[in-house]
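Asker: Handing you a structure now.
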Amino acid sequence: MDLPLIFLALMSIAMLAYVVLDGYDLGVGVLLRRASVEHKDTMIAAIGPFWDANETWLVLGVGLLLVAFPIAHGVILGALYLPVTLMLIALMLRGVAFELRAKVQPERKFVWDRAFYAGSLGASLAQGFMLGHYIVGFEQSLIAYLFAMLIAPCLTAGYALLGASFLIMKTEGLLQRRAIGWARGSLWLTALGVLAVSIATPLASPSIFDKWFSMPELIALMPIPLMTLLLFVFAHIFLRRLASDAANDNDRGLQRWAWAPFVCALGVFVFAFLGLAYSLYPYLVIDRITYIDAASSGEALTIILIGTAITLPAIVAYTVFSYRVFWGKARKLSY
Amino acid sequence: MEALLLARIQFAANISFHILFPTITIALGWVLLFFKWRLHRTGNVAWMQAYKLWVKVFALSFAMGVVSGIVMSFQFGTNWPGFMERVGNIAGPLLAYEVLTAFFLEAAFLGIMLFGADRVSPRVHNLATFLVAFGTTLSAFWILALNSWMHTPAGFEIRDGVAHATDWFAVVMNPSFPYRLTHMLLASGLTVAFLIAGVSAWRWLKGDRGAEVRLQLRVGVTLGALLIPLQILAGDMHGLNTLEHQPAKIAAMEGIWEDERGAALRLFAIPDETERTNHAEIEIPYLASLILTHSLDGEIKGLNSFIGEHPPVAPLFYGFRLMVGIGVLMLLISWSAWWLMRRRRNEGEPLPRWTLRAMVAMTFSGWVATLAGWYVTEIGRQPYLVYGVLRTADAASAVPAPMIGLSLALYLIVYAALLVAFVRVVFLLASKAGQGERDTRSRDVVGVPA
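From first to last, the protein sequence lines stand for chains A and B. Numbering-wise (numbering that gives the first Met the number 0), the first sequence opens with residue 0 and increments by one. Numbering-wise (numbering that gives the first Met the number 0), the second sequence opens with residue 0 and increments by one.
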């Protein structure tokens, strides 16, 4: 059994799950600043039951990196030490602000709303910066850093797109209409980010260039960029349709297609992730460390794999259960 | 060396901040389940009011624990890469099992527990509450298994400098684990008991004198009075276990330099590591030997038998006295309060004012004692990271000192701010609970968890 490969797959799944799941709740946090006071509570209520579990995927992803690929963990987190620190502090701030905003004196609530926004924004920007820095192999040049700084707002826009689409699904009325506008606004910056990453990765490494731009790979791989493009186009069309339904007060139309932008945004992230995974494989750090070089000894991995095989289906099952419990439009939080 | 010291301070700061919140949630989850059960059995609304206040404290503590725990999950690798290199075969699976079996479970069902009361049946809500409480305890199980293994490693062999597990049952059930787990679970119970009692006493003194305040005061006092003798017993047994496996730690805790028969218990002293002696000793003859060996002339190995291999003496000596001192105070206050409350059952005031003030002063005593105890045991493991297997200095990372210093400064600012916010909000919630009760007494209560 090829344990390192299995763990590479598991870690990738955990990371992807983290990016899309915490992505939407970080996105809602980034959008919080634009919302009116009464909408803020509904936005928080929409993500309230989920954010804890969403962040757990990060712990799992980083934990698997640490346990299964300790050498790569050292190199990657060493190179990203400061952005990781900023991300952790931002995540702390927003997680605590989430609770405190509802518990402090009403006149102090705005302070923690700002902390929630700042934490969400900081964590998203830091993750974007890390992504940008990571895919050029931590190159220490001005261009590389500028590139990382370009990816930072792009990933944040991607999260805002996920967050706004999530709100379109989970809210109604004026907030839903505003969310449609936010989603439309963030769509273009997200597309720019995907494009920038797609151009930069082959340029950063000749081996990645060859993996994409040689025959017959070029044809075989076409579905990935094509599907990504198609999903962007669909997202655009659905959002335009929802916006016109909103303008005409066509509630049936709003109800009927409210799920569509989120599914498109989810698809964009999945295909972008697939593309990136294909580019990087078999490297964990581009052109330096493969997953085989970095893999730890088999015996710890066997034990963890047994545990994962038993618990992961259960985790998925009760996560689905939790989403079903809170299915439908978000209601005011009370407990 | 400087980077090593900073890395240690940073890790200590993070883990100290983190442990405060699990210490509350581990026991508070079960207390909430108890409140729900009492409400179901008696129909007394006061139980629901108790639930509604403390579930908010639980949610806040849980969030603080989650976010500081995420920091920890990164720092295992960044601060101590040598740890994973050398003992990753043991530590990795234990940490992974914590995330897979406990962390996801509590996080997913917390949403239903907090926000789902009006969306699921009471039975499912009870189950969610149970699973959250169970998850926090299970999480403590895995983490303490790993921590105990670092003190009393078992069930492994070293091949080419790397630890390989040979017997997983022995790894988890290593010699100090049952004692440490019991000691920590009881510490959590006591922390919550004194938190509930202290906050309720504060409400009473402020003039918030509903039946629910009296009830919560009684729960806190009773829980504290029940658990503290068990904790003293568990602590004693844990100490005996430490004497067997880590005698140098015990010598430092007791401030004993030479091998001694019939060793005295130093109530107070100023340990001096350069002259290797104590100043200003106040002692009770024979008592240390009696406690530790259960015989008057039992022998205790002194620090001079472990030169170069024993931990720094002063922090252990003082830390241990702080923890035990708080334990004794807990015993005196909870037992006298419990006795006074029984006698005054039918009077207007549940307790005399001085007792209430003492309870308020003790509100966060569980935190202080827990931290003091953890400092004793963790500093007591030095100079090792894994006792007898891996030295702390050999596990440190290559991250440059200025970077660690910068991140440490940022963390400390955030932790200080969050700690202040937490304590203020706990009291704010308590005062709001009183007002809320007066406001809603006539109104129907929606979403009653039963």
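Every residue gets a Cβ at the ideal spot worked out from N, C-alpha and C, and that includes glycine.
Report, in whole angstroms, the separation of the C-beta atoms of Leu2/A and Thr301/A, which I expect to be a contact under 8 Å.
Answerer: Between Thr301/A and Leu2/A the Cβ distance is about 7 Å, and since that is below 8 Å, they are a contact.
Asker: Would you list the one or two residues that DSSP bridges to Arg265/B?
Answerer: According to DSSP, which records beta bridges pairwise, Arg265/B is partnered with Glu282/B.
Asker: Consider the Cβ of Asn88/B: report whether some Cβ of chain A lies at a distance smaller than 8 Å.
Answerer: Yes, contact with chain A.
Asker: Does any residue of chain B have a CB that is nearer than 8 Å to the CB of His72/A?
Answerer: So yes, His72/A belongs to the interface.
Asker: I'd like to know if Ser67/B contacts chain A, where contact means its C-beta is closer than 8 Å to some C-beta of that chain.
Answerer: At least one chain A Cβ lies under 8 Å of Ser67/B.
Asker: Looking at C-beta atoms only, is the number of pairs between the stretch 154 to 163 of chain A and the stretch 10 to 30 of chain A that lie closer than 8 Å three or more?
Answerer: The answer is yes - the stretch 10 to 30 of chain A touches the stretch 154 to 163 of chain A, with three or more Cβ pairs under 8 Å.
Asker: Name, please, each residue of chain A whose Cβ falls closer than 7 Å to the Cβ of Val398/B.
Answerer: In chain order: Gly77 and Tyr80.
Asker: Can you find the residues in the same chain that come closer than 7 Å, C-beta to C-beta, to Ala182/A, ignoring five residues on each side of it along the sequence?
Answerer: Leu160, Ala163, Ser164, Ile167, Leu238 and Pro260.
Asker: Using beta carbons (cut-off 8 Å, strictly below), is Thr318/A in contact with chain B?
Answerer: Yes - at least one Cβ of chain B is within 8 Å of the one on Thr318/A.
Asker: Would you verify that the beta carbon of Lys169/A is, or is not, closer than 8 Å to some beta carbon of chain B?
Answerer: Closer than 8 Å: no.
Asker: Kindly list, in the order they appear in chain B, the residues whose Cβ is closer than 7 Å to that of Ser370/A.
Answerer: Residue 370/A is absent from the model: chain A starts at 0 and stops at 334.
Asker: Could you check if Ser147/B is buried or exposed, using at least 16 other CB atoms within 10 Å of its CB as the buried criterion?
Answerer: So Ser147/B ends up on the buried side.
Asker: Does Thr170/A come out as helix, strand or coil in the three-state DSSP assignment?
Answerer: Of the three classes helix, strand and coil, the one that applies to Thr170/A here is coil, per DSSP.
Asker: With a cut-off of 8 Å, does the C-beta of Arg468/B fall near any C-beta of chain A?
Answerer: There is simply no residue 468/B to check, as chain B begins at 0 and stops at 449 in what is shown.
Asker: Please check the pair Thr135/B and Glu97/B, which I expect to be a contact at CB under 8 Å, by giving their CB distance rounded to whole angstroms.
Answerer: Not really, about 11 Å apart at Cβ, beyond 8 Å.
Asker: What's the call for Arg265/B, buried or exposed, on a 16-neighbour Cβ count within 10 Å?
Answerer: Flag for Arg265/B reads buried.
Asker: Could you give the DSSP three-state label for His163/B: helix, strand or coil?
Answerer: Residue state, collapsed to three classes: strand.
Asker: Excluding the 5 residues preceding and the 5 following Leu99/A in the sequence, name in chain order all residues of the same chain whose CB lies nearer than 7 Å to its CB.
Answerer: Same-chain partners within the cutoff: Trp111.
Asker: For a contact defined as C-beta to C-beta under 8 Å, what are the partners of Glu37/A on chain B?
Answerer: Correct list: empty, because the minimum Cβ distance to chain B is about 19 Å.
Asker: How about Pro121/B: is its C-beta nearer than 8 Å to some C-beta of chain A?
Answerer: No, its Cβ sits nowhere closer than 8 Å to a Cβ of chain A.
Asker: Of the residues that make up the stretch 221 to 242 of chain A, which ones have a beta carbon closer than 8 Å to any beta carbon in chain B?
Answerer: Listed by position, the residues of the stretch 221 to 242 of chain A near chain B (Cβ gap below 8 Å) amount to none.
Asker: Give me the Cα-Cα distance between Gly209/B and Gly223/B, rounded to the nearest whole angstrom.
Answerer: Spanning the two alpha carbons is a distance of roughly 22 Å.
Asker: When the Cβ atoms of the stretch 127 to 141 of chain A are set against those of the stretch 195 to 203 of chain A, are three or more pairs found closer than 8 Å?
Answerer: Segments in contact, yes.
Asker: Can you name the residues of chain A whose CB is closer than 8 Å to the CB of Lys300/B?
Answerer: Within chain A, no residue comes near Lys300/B; the closest Cβ sits about 36 Å away, beyond 8 Å.
Asker: Applying the criterion that 16 or more other CB atoms from any shown protein chain within 10 Å of the CB defines a buried residue, is Glu54/A buried or exposed?
Answerer: Flag for Glu54/A reads buried.
Asker: Output yes if chain E places a C-beta closer than 8 Å to the C-beta of Thr307/A; else output no.
Answerer: Looking at the structure shown, chain E is missing, and the protein chains on hand are A and B.
Asker: Can you list the residues of chain B that Gly47/A reaches, using a CB-CB cut of under 8 Å?
Answerer: Under the 8 Å cutoff, chain B gives Gly110, Leu113 and Phe114.
Asker: Between which two residues does the alpha helix (DSSP H) carrying Tyr280/A extend?
Answerer: Element bounds for Tyr280/A: n/a, residue is neither H nor E.
Asker: Could you work out which residue in Asp271/B, Lys248/B and Glu282/B is closest to Ala262/B when comparing CA atoms only?
Answerer: Comparing Cα-Cα distances from Ala262/B to each of Asp271/B, Lys248/B and Glu282/B, the minimum goes to Glu282/B.
Asker: Helix, strand or coil for Gly297/A per DSSP?
Answerer: Reduced to three states, the DSSP call for Gly297/A is helix.
Asker: So, is Gln434/B buried or exposed, given that buried needs 16 or more other C-beta atoms within 10 angstroms?
Answerer: When all chains shown are included, Gln434/B counts as exposed.
Asker: Could you check if Trp373/B is buried or exposed, using at least 16 other CB atoms within 10 Å of its CB as the buried criterion?
Answerer: By the neighbour-count rule (16 or more Cβ atoms within 10 Å), Trp373/B is buried.
Asker: Tell me where the beta strand (DSSP E) around Ile157/B begins and ends.
Answerer: Residues Phe155 to Arg158.
Asker: Could you check whether the stretch 24 to 31 of chain B touches the stretch 60 to 69 of chain B, counting it as contact only if at least three pairs of C-beta atoms, one from each stretch, sit closer than 8 Å?
Answerer: Enough Cβ pairs lie closer than 8 Å, so yes.
Asker: Assuming the contact rule is C-beta atoms closer than 8 Å, Ile454/B and Ala164/B should be a hit. Round their C-beta distance to whole Å, please.
Answerer: In the structure as shown, chain B starts at 0 and stops at 449, and residue 454/B therefore has no counterpart that could be examined.
Asker: Would you list, in chain order, the members of the stretch 161 to 179 of chain B that have their beta-carbon closer than 9 Å to a beta-carbon of chain A?
Answerer: Those would be Val161, His163, Ala164 and Trp167, in chain order.
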